[in-house]
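Have a look at the structure below before the remarks.
Protein chains in written order, with my numbering: chain A, 1 to 313; chain B, 314 to 626; chain C, 627 to 939; chain D, 940 to 1252; chain E, 1253 to 1565; chain F, 1566 to 1878.
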């Protein structure tokens, strides 16, 4: 069991506990020798770390994303806390608690069932076939249930992508009641698949980061490519439906400046974009208010991303 | 009963039917004489009109917003159709059908009841008192039920503002289920009041137009002023609640560039902004798709406001 | 042989000549009858046309993109010239000259050979295999040689896409001389494929227009999808090369606001973007200067797209 | 008398002097205990401070905005100077010099008289009544004379708002000479009232900060609300004049992006906006040049707000 | 004396009166013949004109900017009025009234004297020498006194530039009183010279238009070049003063996006920019309000340049 | 010979080696005494330095840009490394190696010859005369061959401006082959002169920095002024050619927002702008990739200037 969490560490602490190795860079010193720069992470945050001795050897005993026990000293370097590492020991799965390292809400299994029930109500056979092609894919399903929707801003926990999709599906159903002209099957399928590219854009293991593919292609294109591949496996998939679904995925960021190469041009696409945004921003405000209250403050810190402070009342 | 509607008129038609006088400008000719420029309107659209003889006398027999019978000729002037008016006769209320002149959906009464029921479920006594202060105001209530939410883009029909608020309330209830931390009473009260300033920003009679007050102050400020006035009449109205509600109204356009002097800084304000946007854009897409299909086209005309064409499939 | 070209027509002309039917809309009149709106096109421009009688029957005798002989009258409607059509006769291929209808530079065959020679110098076997997979595709090759790079701004003629690619390849070679660290094979393959999606984004027949797929997905995504499909057919295609090429295609518009979902992050991608832009803008300036001089003017008309006038000296 | 000023403090200094408590946050440590974070301020700047022992008790002996004597040590924490506090003693008014804590120009009384004289020249009785309603308000008048126009950029000293209004009034008079069509009474009343909302948007005591109302509603709306309230107390106040004045206040930031919900649409409103901007920017340049010269430099530091350096020659 | 002014002309009028030839384009018809396109102008506005017969010969008998008597017919072409010209007769100076053709305020001579007096108060001998180098230049002086500050938006009449500079000088003097640290001599010299480049950027004869030099270099650079040339003729002109003055001219548009290659970095430059803007916008509002009232309207037409309507009360 | 380079220094190092004095500020302490702030630079980077004793005397023994030997201690101050200086000794030219202090590629002489050969091929005699007026200017030529094109982003080494111009000339020649309508002489002359203003905008000695003239006027205007001065010395220089060349220089940043007061309006100007951009961005990517690889990383650090990371593969 873990005792020392990142958000508790203070200058001068002696450290001896386990973390995820979230970054691992073997670099060259001026004198030709090597040192090892790392980022250590647990469920409360992350901290930089550096190891000066035997860096080459130590770098070989663990991989990025492994859980390692770190012994060392907490120092201050250029105004930030940093661990000066003395010893690193890789741990086996039975030697650590995953829940010490990442956040996982307890109700994820319930949400999964409820979301599954909504998807089961889709009537169009091609939409169903496409949903099932992903749902029944042994590589896809476990990845989907543990993925985050993002690294920091909203639904930034294991299972976050599923929670986000479920909330959007609930909003989509309300919209279908208000606007019967909406194609419910297209909209729900698009909700399910809109962020599927994030499964490849980021790693969703203990260490979460953007992949090279993610940085070069982005999750909109990757998602379309995954969906296209599944569509290719469904006989007689209607061309019109294919275009509607791919358009929803490509346009769901709403504006070119936000990274969609096309803007929404169908009613399902415009609804998808706005419920995505509504849910994401509400979840972000909810997180910020919770964090602000935990610090005993009435107003949040200044948030550069949205250029404002938030009232936690 | 009306036979000649604006969207049927063609160059060369002899015209003899009634319209709303949606604009009325008595202007001076170079030779010092007067002529009368008008805009005529019915439920299908609007057309310019001009009267050259006796303009001063004729201008005195009707007011802006009156229903007048127009006799004249449909010409083309500078590339647009225009009525060259020969005779104008003001009509009495029993001489025309209001439904020929403005759009009014048939289900508005049902929507009013459903919306009323949602508002009745608000529990906070100060929120309830504020809602009732408007709902039971004889000047406000009939105006609210016939107001438009806008002149052209969305909910651009009599009763549109009510429909829009009802749809937002439905979405607000879904959001409260997903995010129990939302203050349902604040959110529903804000939904009800967010556009109340539009009742003074525009006229909502047969002729709809921006008022001088509307052009100078805008509906965000006017709405806050109306709400403040009602709050002043409720003893012990909590200051915190006053700030929350006024902030929701002022910030509901979401960004400075869209005319909000402050950006949303509470979770209810951010939800209000996004469900307003979601409902407005969906209604606009729905209208454009309907109009495009009525013209027998698959793709809409180019829409400068949103810089795209829309697929009506 | 054609005598009456679009840019010669004047109000009052009796018209009897052939054109491409570039648009064809059967619409409903207020009285329930039908009329036929069209756009007629030849190599000098396009003009609107309308047929009032027997519209339903006439609409059945030709398709969008057919060449039709049109008999009628040139009128002015709402400030623009328009053909009031009396009779339409579809023509067979031997009854018209394609060169009267579209622009085709004479040196296209030479350019094709030179471009082919440059591509043949690519050394990486996977790049070569990918290039050949397109070049030897019987559907692709003829389409590529007659495609335009755009409808209006630059290389807006049959073969324009080929000319544009060839010019970019020449510039790419200069850049490889100046910057030996550039991967010549990746860059030339990317030049060849960067706009391949335009082959499906637009029709490249007598009538050129955006397709539904083009409007919903855009040529960046379509191009990546075409390339991915060919890559799937090449055994052992390296993943790194796949990412480099797809990244070049997706990012070649340079900025999100210009429709690229990712910005250039490799040196080949940044070079591709800039030589595309350099060649496109130079070609556009060249065309505008030529057109301005043909009108006997020293300065071009105001160009809203680039917010300036151009000096034709 | 104060000896140790913020801008003199260096790492390692022993501190024993008085400051304004400009921020006071009682926070929870990881071990469940409390510590007290503060910001200390005097007329030369501000510095962070932290107290680790007995934080709960000490927090009770003074309020935000109080003047306190601080005994402690100046340390460096994460690259910034910080006071490690050992003892805090609240002072009485006779135990400190206000002029050590805030800037107050000596000529403020003269400026007040000159500004009063200009306002007295307003002829329109309703404008006069409105001006007097504020001027003779015992809550308003002392607040107005000590308020700052801003925290940092311009007129950032006690009395700054008055100085700024006086300078604008002088410019307004010049403009009235050049443009006799300007309504002098409207313009001068608007100058006097344009920033009145800042009296509630910020505190103007020893510690200056944005209030909750200020952060949620902004000074444009607050100002209009204050003015509306005074107008309500003046019988027969003309509606046209009410609209003109409120419009001037709401639009005086000039553009939506700068926080005005409406843009200036009267000539007095456009003049008000531009003289406000002219005076504010000139005052800011004047301050920056003075500070730059005091540091013995020819060029100012880089100023992110206006993205440039300024020449102090 | 002139009877028919541009703003009185109506479709069908027989025309026989004089105008300035504000544009003159000899163009080629499809059949190889020539026609002459013109723009005719008087003090009330401008109108297009076309001459079909003998275009080549007629084009030789007058120059752009000449005053010509035009006989013809007022028609409507593509939705705009146009003169179909039958005969053109060039007039001599004694055959027309300049005041029928351009606007010239009566008080220009007074303004010139007052402005001259202000400039005479400049004390710095190098500033004085520079001012005099322009003022005593026989080419410059008469051009300065009849130049416009712009074609349409503000001070768009003969003498407008002088009026604009005088108004700015008055504001500059007020600013020097408020901010004694301003260098009055630098500021007044900069006011005088800030738009001197407009004398070459546009023609300021009867026909006003941008010159080729103006379109290619802009008045900021041209102005600096003119000033530099005069400075070269003044022995020992201080380098610091040269930089201050050229910087004021180059930066007076305030922001890069408005065409200044550098932003204001001295206090005189920031004041110059803001008083220029203040005076220009006020003059524009004043003109729009006057024009709106003359049409008997309360609100102006929509003004695309500033995206609003203006209240003329 | 130098042993201690900036990028090797670590906290705690004793320092005794030579550097360029890249900044030198004598400042006032609170107690009235002086201290000396400096920036020290060599070919690997720069570091802040401070001297507390005898600051006034020491400041007199060297000038900004001199090479000085520094003895002191490397400390950390507010999170950054800083040299606490004990002794400063100015060096003579024979006491240091210039190549330790600045970067100078070895092939600069070759590039100079090749560039000279291209310029020699210019045929227009006025272009040639203008080129030679600079090339044969004893002040200009050595400055041109050692100047940098920029401080940091691209061609940021001694000789960089020459390399940049040579690369652009090579691209210009390719463009002239592809677009024979380009005026090769104008384009090559413009390439040679487009950044000539940088010779005065920055110092290009051991210490490189913006000059006061550079900060106030910018290199576009300074360049035009230098060119105008040379043109004045060439008899009968054609006005059209003068306008073309000055326009190329003024517009070569492409857009107002990038600091060009006019946008490109000739075909040579648009080509110049785009090849400048192409070469600059490619050189910057090349540098970033090299630096990233040297650190043993696959992806660059985040680059705020272009808002992305770059793949160094």
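We put the beta carbon where it would ideally sit given N, CA and C, even for glycine.
DSSP state of residue i, grouped into three classes?
{"i": "residue 298/A", "result": "coil"}
{"i": "residue 1512/E", "result": "coil"}
{"i": "residue 635/C", "result": "coil"}
{"i": "residue 985/D", "result": "strand"}
{"i": "residue 509/B", "result": "coil"}
{"i": "residue 578/B", "result": "coil"}
Closest by CA to residue i, which one among the options?
{"i": "residue 73/A", "options": "12/A, 80/A and 211/A", "result": "12/A"}
{"i": "residue 415/B", "options": "331/B, 625/B and 590/B", "result": "331/B"}
{"i": "residue 840/C", "options": "930/C, 826/C, 894/C and 834/C", "result": "826/C"}
{"i": "residue 878/C", "options": "773/C, 889/C and 814/C", "result": "889/C"}
{"i": "residue 372/B", "options": "505/B, 395/B, 560/B and 334/B", "result": "334/B"}
{"i": "residue 458/B", "options": "438/B, 624/B, 509/B and 523/B", "result": "509/B"}
{"i": "residue 423/B", "options": "476/B, 352/B and 341/B", "result": "476/B"}
{"i": "residue 1860/F", "options": "8/A, 33/A, 2/A and 4/A", "result": "33/A"}
Does any C-beta atom of chain E lie closer than 8 Å to the C-beta of residue i?
{"i": "residue 1703/F", "result": "no"}
{"i": "residue 676/C", "result": "no"}
{"i": "residue 1216/D", "result": "yes"}
For residue i, report the span of its alpha helix (DSSP H) as first-last.
{"i": "residue 752/C", "result": "751 to 761"}
{"i": "residue 795/C", "result": "786 to 804"}
{"i": "residue 1183/D", "result": "1178 to 1190"}
{"i": "residue 1033/D", "result": "Careful: residue 1033/D lies outside any alpha helix (DSSP H) and carries neither H nor E."}
For the beta strand (DSSP E) holding residue i, just list the boundary residues, first then last.
{"i": "residue 1270/E", "result": "1266 to 1280"}
{"i": "residue 1026/D", "result": "1019 to 1029"}
{"i": "residue 1621/F", "result": "It is not in any beta strand (DSSP E) - residue 1621/F instead sits in the alpha helix (DSSP H) that spans 1620 to 1625."}
{"i": "residue 980/D", "result": "973 to 981"}
Looking at the ligand PLP, does it come within less than 7 Å of residue i, judged from the CB to the closest heavy atom?
{"i": "residue 898/C", "result": "Ligands are entirely absent from the displayed structure, and the ligand PLP is therefore not among its contents."}
So with Cβ pairs under 8 Å, would you call residue i a contact of chain B?
{"i": "residue 1164/D", "result": "yes"}
Should residue i be flagged as near chain D, meaning a C-beta pair shorter than 8 Å?
{"i": "residue 1780/F", "result": "yes"}
Which chain I residues are close to residue i, counting only those with a beta carbon under 9 Å from its beta carbon?
{"i": "residue 1700/F", "result": "Absent from the structure is chain I; the protein chains it does hold are A, B, C, D, E and F."}
At a Cβ threshold of 8 Å, is residue i touching chain A?
{"i": "residue 860/C", "result": "no"}
If contact is defined by three or more beta carbon pairs under 8 Å, each pair taking one atom from either stretch, is the stretch 1161 to 1173 of chain D in contact with the stretch 1103 to 1116 of chain D? The stretch 1103 to 1116 of chain D is not in contact with the stretch 1161 to 1173 of chain D.
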